[in-house]
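Have a look at the structure below, then the notes.
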Amino acid sequence: MTTHAKQFNDAMGRINPGDDAAHAQQAHTEVSEALKADPKLKDLDISPILIGSYKRQVSIRRVKDVDVFARLKKATASTRPGDIMDHVAVVLEDTFPDRVERQHRSFKVDFPDFDLSVDVVIARPCVKHPEEHWQIPEKIEEDGNARWVETHPDRMTELTTEANKTYLLNADDAKSGAYVRVVKLVRQVRRTWGDDQPGGYYFEVLTWHAFQDLQPEESTLAGYLTVVLRHIADHLPDYESDGPVDPTLDGKTIKSKATPEQVRQAAKRMAEAADLAESALAEDDACRSALQWQELLGMTHNTDDPEHIFAMPEYCTADGRTKADASLTRGSVTVPAGQGRYA
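Numbering-wise (the numbering used here), the sequence shown opens with residue 1222 and increments by one.
Structure representation (structure tokens):
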């Protein structure tokens, strides 16, 4: 069994957002300040917060969008989503001319200098659970009518924090949370082996369920990733019609644009990825194992200079052999020096 702790630690550095983190924070701040400066939104006690994978610290390089949840704390049941969306459109377009795209339930604000965008979602307090949950427009019709749907984005952040404190790489170190790192690795595997759908959040939820079902007690990232990938591969076929259970809302499932065929294809590809992870973990030859982990995690995406997420150890060749073995060629009259140990 080969776990490559150092290589996995280095791989996390290549997965993490890097400079995107500062850009994402700046873009979020600019949009939030524009919304809070508007008198009408101020009267509705607007309180924008960051949500999504970046907030939960599970986003991977590169960050292409940031989610801003614009809570209107004083909005009531009479607040029409079409009206408030129309107003927000004007506010954003005045501040960010020619950079705003109106979508079904949100606004996309482009930041071309950062090569990312901010998705703004307007929310009002939930009629049934005003102290905890929120409602967002499902779809705005031409006459301004829409159905508000319940959501609780902060709950996933809480669950992520809890899981990261529970599942550790080192039982004696409370800071060695494994969960967040495994979510990032799963997102990277999906990006390498899957298609656009199901998306990254869908796989994040599958990862959360895997941890809840398995209650894994691994001591390495290689071990955690391997058992989680197998769980995901085994359960994906169950979600051709309905997505996995939403951890944040009772009785709800995760919505996805994925077709049943896309879910079936994702299950097939994740099974192949799980097979490869199990083979890499079981392999005793460190270099052959490293080559398999490298194949599993693929390359950085949307970067100027793509590189392997998982780098080969310094004692290995690019094709998965030890450098000592690679120097032994047929017919060679010399061999590398030994390590000074004799039988």
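Backbone N, C-alpha and C define an ideal beta-carbon position, used for all residues, glycine too.
Exercise. Does the ligand HEM have even one heavy atom less than 8 Å from the beta-carbon of N1391?
Worked result: With respect to small molecules bound, the structure shown includes none, and the ligand HEM cannot be examined in it.
Exercise. With 16 as the cutoff for other CB atoms within 10 Å, does S1299 come out buried or exposed?
Worked result: Under this definition S1299 is an exposed residue.
For this session: Pull up the DSSP beta-bridge partners for G1398, would you.
Result: Beta-bridge pairing links G1398 to L1389.
For this session: Within 10 angstroms of the Cβ of H1244, are there 16 or more other Cβ atoms? Answer buried if so, exposed if not.
Result: By the 10 Å Cβ count, H1244 comes out buried.
For this session: Count the other C-beta atoms from every protein chain shown that fall within 10 angstroms of the C-beta of R1282, then say buried if there are 16 or more, exposed otherwise.
Result: buried
Exercise. If we count Cβ pairs, one from each stretch, closer than 8 Å, do we get three or more for the segment 1383-1390 versus the segment 1474-1485?
Worked result: no
Exercise. Between which two residues does the beta strand (DSSP E) carrying D1331 extend?
Worked result: Here the beta strand (DSSP E) through D1331 covers 1327-1332.
For this session: Give me whichever residues DSSP pairs with M1520 in a beta bridge.
Result: H1529
Problem set entry | Alpha-carbon spacing of A1242 relative to E1352, whole angstroms | 31 Å
Exercise. L1442 and R1402 look like a contact to me (Cβ under 8 Å); what is the Cβ gap, rounded to whole Å?
Worked result: 6 Å
Problem set entry | Short Cβ contact (9 Å threshold) for R1292 with P1269 | It is a contact, given that the beta carbons lie within the stated cut-off.
For this session: Label S1280 either buried or exposed according to how many other C-beta atoms from any shown protein chain fall within 10 Å of its C-beta, with 16 as the threshold for buried.
Result: Around the CB of S1280, 16 or more other CB atoms lie within 10 Å, so the residue is classed as buried.
For this session: Answer yes or no: do V1410 and M1491 have a C-beta to C-beta separation smaller than 9 Å?
Result: It is a contact, given that the beta carbons lie within the stated cut-off.
Exercise. Between T1223, Y1536, G1234, which lies nearest to K1405 when the distance is taken from Cα to Cα?
Worked result: G1234
Exercise. Considering only C-alpha positions, which residue in the set M1377, D1331, D1315, D1307 is nearest to I1343?
Worked result: Nearest C-alpha to I1343: D1307.
Problem set entry | V1252 versus R1376 - alpha carbon distance | V1252 and R1376: Cα-Cα distance of roughly 23 Å.
Exercise. In chain order, what residues of the same chain have a beta carbon less than 7 Å from the beta carbon of L1435, not counting five sequence neighbours either side?
Worked result: Excluding residues within five positions, the ones whose Cβ falls inside 7 Å are V1448, H1452.
Exercise. Under the rule that 16 or more other beta-carbon atoms within 10 Å means buried, what is G1472, buried or exposed?
Worked result: exposed
Exercise. What does a CB cutoff of less than 7 Å around G1561 pick up in its chain, not counting 5 residues either side in sequence?
Worked result: With a pLDDT of 37 at G1561, under the threshold of 50, the predicted position of this residue should be treated as unreliable, though the coordinate-derived value follows. Excluding positions up to five away in sequence, the list is empty.
For this session: With DSSP as the reference, please indicate the residues paired to I1343 in a beta bridge.
Result: A1291
Problem set entry | Inter-residue CB distance, T1378 and R1542 (contact presumed, cutoff 8 Å) | Actually they do not touch by this definition, with Cβ atoms about 45 Å apart.
For this session: Can you give me the start and stop residues for the alpha helix (DSSP H) that P1302 sits inside?
Result: Bounds of the alpha helix (DSSP H) holding P1302 are 1302-1316.
Exercise. In its own chain, which residues sit with a C-beta less than 7 Å from the C-beta of H1249, not counting the 5 before and 5 after it?
Worked result: L1271, V1287, V1289, V1339
Exercise. Looking at the unbroken alpha helix (DSSP H) that takes in V1321, where does it start and where does it end?
Worked result: No alpha helix (DSSP H) holds V1321; the beta strand (DSSP E) holding it covers 1321-1323.
For this session: Return the bridge partner residues of L1337 from the DSSP annotation.
Result: F1332
Problem set entry | DSSP-derived helix/strand/coil call for A1232 | When secondary structure is reduced to three states using DSSP, A1232 falls in the helix class.
For this session: Tell me whether Q1278 sits in a helix, a strand or coil according to DSSP, three-state version.
Result: coil
Exercise. Is it right to say T1480 is buried, meaning 16 or more other beta carbons lie within 10 angstroms of its own, or is it exposed?
Worked result: exposed
Problem set entry | Rounded straight-line distance, which links the Cα of C1537 to that of S1548 | 11 Å
Problem set entry | Rounded C-alpha distance that separates V1321 from W1369 | Rounded to whole angstroms, the gap between the alpha carbons of V1321 and W1369 is 23 Å.
Exercise. To which residues does DSSP link I1270 through a beta bridge?
Worked result: F1290
Exercise. What separation, rounded to the nearest whole angstrom, lies between the Cα atoms of A1498 and G1303?
Worked result: 48 Å
Problem set entry | Spatial distance of A1488 from D1526 (CA atoms) | 30 Å
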